[in-house]
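Reading through the structure tokens given below for one structure.
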Amino acid sequence: MEEERRERGHPPLRDPAPEEGWQEGAAQAPPELAPPYIPPYTRGQEGGRGEAGLSGIPVAPPGFKSGFAALIGRPNVGKSTLMNALVGQKIAITSPVAQTTRNRLRGILSLPQAQIIWVDTPGIHKPHHRLGEILVHNAQAAIGSVDVVLFVVDGSVPPGRGDAFIAERIPSATPCILVCNKADLLPKESAARQAHQESYQALRPGAPVVWVSALDPGSLAPLIQATVDLLPPGPYYYPPDLVTDQPERFIMAELIREQVLLHTREEVPHSVAVTIDQVEETPKVTRVLATLYVERDSQKGILIGKGGERLKQIGQAARFQIQKLIAGKVYLELFVKVRPHWRRSEHLLRDFGYRVET
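If you want my numbering, it's the 1-based position in the sequence shown plus 19.
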């Protein structure tokens with residue numbers, strides 16, 4: 020494997036290799052690059068391999084409500100951070116980079132009287148390539164396939180054209196909650212806050228307004244209750260202890276991509292796709308081989324860094340998160356390959372898991 024890496028011009032990533040042993044904390048990333056990660060499969064579980072099955076779905080009691088609630092909004096209004104806060108665990112990657120979310124993600128919150136399946140969506144924006152078109156299509160498709168729409172806006176600033184564009188696409192018949200995020204940035208009684216709320220309400224007249232801070236879980240109870248109020252009667256869709264139905268390999272790839280977003284700048288974060296090529300479990304360590312795809316040789320050089328230092332940093336931080344995910348020791352090896360214009364190729368987009376959803 021090391022010889023193959025040298026032939027491809029890749030630096031070795033042995034931090035540490037399985038035969039060198041593994042030490043607790045060896046992959047510790049800087050705090051700002053390693054947010055806490057709780058295994059997303061089941062609540063009250065410290066981690067472990069395998070995803071929770073769908074057996075054990077109880078019969079819903081009388082008056083039980085359930086349904087799907089989509090988080091819709093512009094890029095960077097805090098939808099993924101809000102999703103993590105709503106389910107109480109990190110299941111969606113976050114970064115300061117716009118369009119971090121590329122796939123529809125489902126997070127599950129089970130309450131005594133209801134089960135809410137939150138659907139995080141890519142930010143709706145003006146696309147510049149086929150990948151962008153798919154992301155926007157999938158986000159808009161989610162609007163028409165859920166029971167409730169959470170129209171998430173940045174309440175700390177006035178609405179823009181992007182907010183108006185999204186508001187026009189929410190069907191009038193679909194129950195909608197106007198979620199003003201980033202409440203912590205404006206005093207509760209400030210004139211600016213009142214003015215912003217009135218401007219956003221004009222985009223969706225009659226919709227209930229809930230102010231939240233995705234960074235403050237204590238602010239979310241009114242939003243959860245408002246969502247439950249709008250759900251129809253229904254059964255449990257998932258076991259009550261399940262927090263997400265996303266496959267483990269998908270989450271591994273997302274955790275690696277999150278570190279790319281945090282360690283690179285400009286066009287590189289948007290040009291990277293990640294695939295998990297192999298997961299091999301042994302009694303002592305789990306080997307994960309992944310490939311990072313970029314569109315140009317210059318991006319490959321930036322991603323690898325001088326002497327392979329940046330790729331090593333990405334690998335260390337990602338391995339730290341994957342170890343939290345599976346609650347075990349991980350050996351992670353990363354490759355970097357160039358696939359020109361992959362964001363415009365229907366074939367490559369399908370290979371990387373980006374498909375038109377209905």
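For glycine and all other residues, C-beta sits at the position ideal for the given N, C-alpha and C. Here the structure is a predicted model, which means the values were calculated and not measured.
Beta-carbon to beta-carbon, residue 258 and residue 76 are separated by about 6 Å, close enough to satisfy the 8 Å threshold. Ranked by Cα distance from residue 222, the first of 197, 367, 237 is 197. The secondary-structure analysis by DSSP pairs residue 304 with nothing; it has no beta-bridge partner. When the alpha-carbon of residue 309 is set against those of 275, 320, 93, the nearest one is in 275.
Annotation: the continuous alpha helix (DSSP H) that includes residue 320 extends over 316 to 323. By the Cβ rule, the segment 364 to 374 counts as touching the segment 144 to 152, because three or more pairs are nearer than 8 Å. In the DSSP assignment, residue 269 falls within the unbroken alpha helix (DSSP H) covering 267 to 282. In the structure shown, residue 252 falls within a strand segment according to DSSP collapsed to helix, strand and coil.
Secondary structure note for residue 334: its alpha helix (DSSP H) is the uninterrupted segment 328 to 345. Nearest to residue 271 by C-alpha distance, out of 135, 337, 134, 362, is 337. Between residue 119 and residue 140, the C-beta spacing is not below 8 Å. Within the model, the alpha-carbon separation for residue 187 versus residue 359 is close to 36 Å. Rounded to the nearest angstrom, the gap between the Cα atoms of residue 224 and residue 159 is 20 Å. The C-beta distance from residue 245 to residue 231 rounds to 10 Å, too long to fall under 8 Å, and the pair is not in contact. In the structure shown, residue 312 adopts extended strand secondary structure according to DSSP, grouped into three states. Residue 209 counts as exposed, since fewer than 16 other beta carbons sit within 10 angstroms of its beta carbon. Residue state for residue 99 is assigned as helix, using DSSP reduced to three classes. Judged by pairs of C-beta atoms under 8 Å, the segment 342 to 349 does not touch the segment 283 to 292, as fewer than three such pairs exist.
With contacts defined by Cβ atoms closer than 8 Å, residue 94 and residue 117 form a contacting pair. In the structure shown, residue 375 adopts coil according to DSSP, grouped into three states. Listed in chain order, the beta strand (DSSP E) runs fully inside the segment 110 to 193 are 124 to 129, 133 to 139, 167 to 173, counting runs of at least 3 residues. Sequence-distant partners of residue 295 (beyond 5 residues in either direction) whose C-beta falls short of 7 Å from its own C-beta, in its chain, are 268, 271, 272, 307, 309. Looking only at 85, 113, 129, 97, the smallest Cα-Cα distance to residue 106 is reached by 129.
Ranked by Cα distance from residue 87, the first of 146, 134, 108 is 134. Residue 136 places its beta carbon 8 Å or farther from that of residue 219. Annotated as proximal: residue 262 and residue 108, with beta-carbon spacing under 8 Å. Within 10 angstroms of the beta-carbon of residue 303 lie fewer than 16 other beta-carbons, which makes it exposed. The continuous beta strand (DSSP E) containing residue 353 extends over residues 349 to 357. Residue environment: residue 182 is assigned as buried (16 or more neighbouring CB atoms within 10 Å of its CB, all protein chains considered). Look at residue 76 here: in three-state DSSP terms it is coil, with no helix or strand label. The beta carbon of residue 238 lies closer than 6 Å to those of 231, 232 in the same chain, with the five residues before and after it left out. Between residue 353 and residue 334, the beta carbon gap of about 5 Å places them in contact (Cβ cut-off 8 Å).
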